[in-house]
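Undergrad: First the structure, then my questions, so here it is.
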Amino acid sequence: DIQMTQSPSSLSASVGDRVTITCRASQSISNYLNWYQQKPGKAPKLLIYAASSLQTGVPSTFSGSGSGTDFTLTISSLQPEDFATYYCQQSYTTLWTFGQGTKVEIK
Amino acid sequence: QVQLQESGPGLEKASETLSLTCTVSGGSISSGGYSWSWIRQPAGKGLEWIGRIHTSGSTKYNPSLKSRLTMAVDTSKNQFSLKLSSVTAADTAVYYCAREDWSGSRYSDYWGQGTLVTVSS
């Protein structure tokens, strides 16, 4: 199985801050990397697919980059509705795996 | 707009078989380029991909659950299902169904709201 490791596990930030979350794969996954946002009691929501493609309807304050084993999710200006947990997911192999999540909290 | 809805008992006894169904609306489950999956999340923990099924009947299961897992699809009802046998407290989680887009990039774009399954001893 491909292991996905996110860092940090949690962070505190203020509205307007630039936030970066990283995700590392245990082997190369090309650009088969997706990012999801999950709010308490809700299903995950697709934000970014193929490492850097913004899903329809997702604000342009979200962006993704990377290829191979190292990826980042950036929120350019944190908004109140962005406080949530973020998960990366690899879809390179037929067995998809998630990172452990990064919780973004209000400072 | 595609919608998915999980259904099934919210409480199972240990050693029994957990059965869940996902009903797809707003689109055909047989549409090309898609597979249908299950993901679970224990309280306060991360997401675990359980497995997927295609309307052809082909399946892929997480090896950690493979010996206890069966998935099926009913195209006439636009539904797919999961059965997990010999459940224990470790199987207590919110179970989500989701659509996987395999038409190019691969991702889960539509999810059900999730259903909590509690395994009691």
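Listed in order, the protein sequences are those of chains A and B. The first sequence begins at 773 in the numbering used here and counts up one residue at a time. The second sequence begins at 130 in the numbering used here and counts up one residue at a time. Ideal Cβ placement from N, Cα and C applies to all residues, glycine included. No experiment lies behind these values; they were computed from the predicted model shown.
Could you list the residues in the segment 193 to 227 of chain B with a C-beta less than 7 Å from some C-beta on chain A, going in chain order?
TA: Residues are counted here when their Cβ sits less than 7 Å from a Cβ of chain A; for the segment 193 to 227 of chain B these are Y225, given in chain order.
Undergrad: Less than 8 Å between C-beta atoms, sequence neighbours within five positions excluded: which residues of the same chain meet that for B/I158?
TA: W165, T184, V202, T204, N207, Q208 and F209
Undergrad: Less than 7 Å between the CB of B/L198 and some heavy atom of the ligand SAM, yes or no?
TA: What this structure holds is no ligand at all, so the ligand SAM is not there to describe.
Undergrad: Which residue comes first and which comes last in the beta strand (DSSP E) that contains A/I878?
TA: T874 to I878
Undergrad: Given that A/G873 touches chain B, what residues does it touch there, using C-beta distances under 8 Å?
TA: G175 and L176
Undergrad: Which of the three DSSP states, helix, strand or coil, is assigned to A/D842?
TA: strand
Undergrad: Nearest by alpha-carbon distance to B/E145: which of B/M200, B/K212 and B/Q132 is it?
TA: B/K212
Undergrad: Along chain B, which residues have their Cβ under 8 Å away from the Cβ of A/S825?
TA: S234
Undergrad: For B/P138, tell me which candidate among B/S160, B/W240, B/W231 and B/C151 has the shortest Cα-Cα distance.
TA: B/C151
Undergrad: Taking 8 Å as the threshold (C-beta atoms), are A/A815 and B/Q242 in contact?
TA: yes
Undergrad: Which residues in chain A sit within 7 Å of B/S237, going by Cβ to Cβ distance?
TA: L818
Undergrad: When burial is assigned at 16 or more other CB atoms within 10 Å of the CB, is B/R228 buried or exposed?
TA: buried
Undergrad: What is the DSSP secondary structure of B/E141, counted as helix, strand or coil?
TA: strand
Undergrad: So which residues of chain A does B/G241 contact, with C-beta pairs closer than 9 Å?
TA: A815
Undergrad: Taking Cβ positions, are B/A143 and B/V248 nearer each other than 8 Å?
TA: yes
Undergrad: Does the separation of the CB atoms of A/F870 and A/M776 fall below 8 Å?
TA: yes
Undergrad: In chain order, what residues of the same chain lie with their CB nearer than 7 Å to the CB of A/T865, ignoring the 5 residues before and after it?
TA: I774
Undergrad: Going along the chain, which residues of its own chain have a beta-carbon closer than 7 Å to the beta-carbon of A/L867, five neighbours each way excluded?
TA: Taken in chain order, the residues that qualify are D773.
Undergrad: Determine the chain B residues that contact A/S863 at a beta-carbon separation under 7 Å, and present them in chain order.
TA: R235 and Y236
Undergrad: Could you tell me how far apart the beta carbons of A/E853 and A/S782 are, in whole angstroms, since I believe they sit closer than 8 Å?
TA: Actually they do not touch by this definition, with Cβ atoms about 18 Å apart.
Undergrad: Output needed for A/S802: all residues of its chain with C-beta closer than 8 Å, excluding positions within five of it in sequence on either side, in chain order.
TA: S839, G840 and Y864
Undergrad: So, for A/D842: in the same chain, excluding its five sequence neighbours on each side, which residues have a beta-carbon less than 6 Å away from its beta-carbon?
TA: Beyond the five residues adjoining it in sequence on each side, A/D842 comes within less than 6 Å, by CB distance, of R796 in the same chain, given in chain order.
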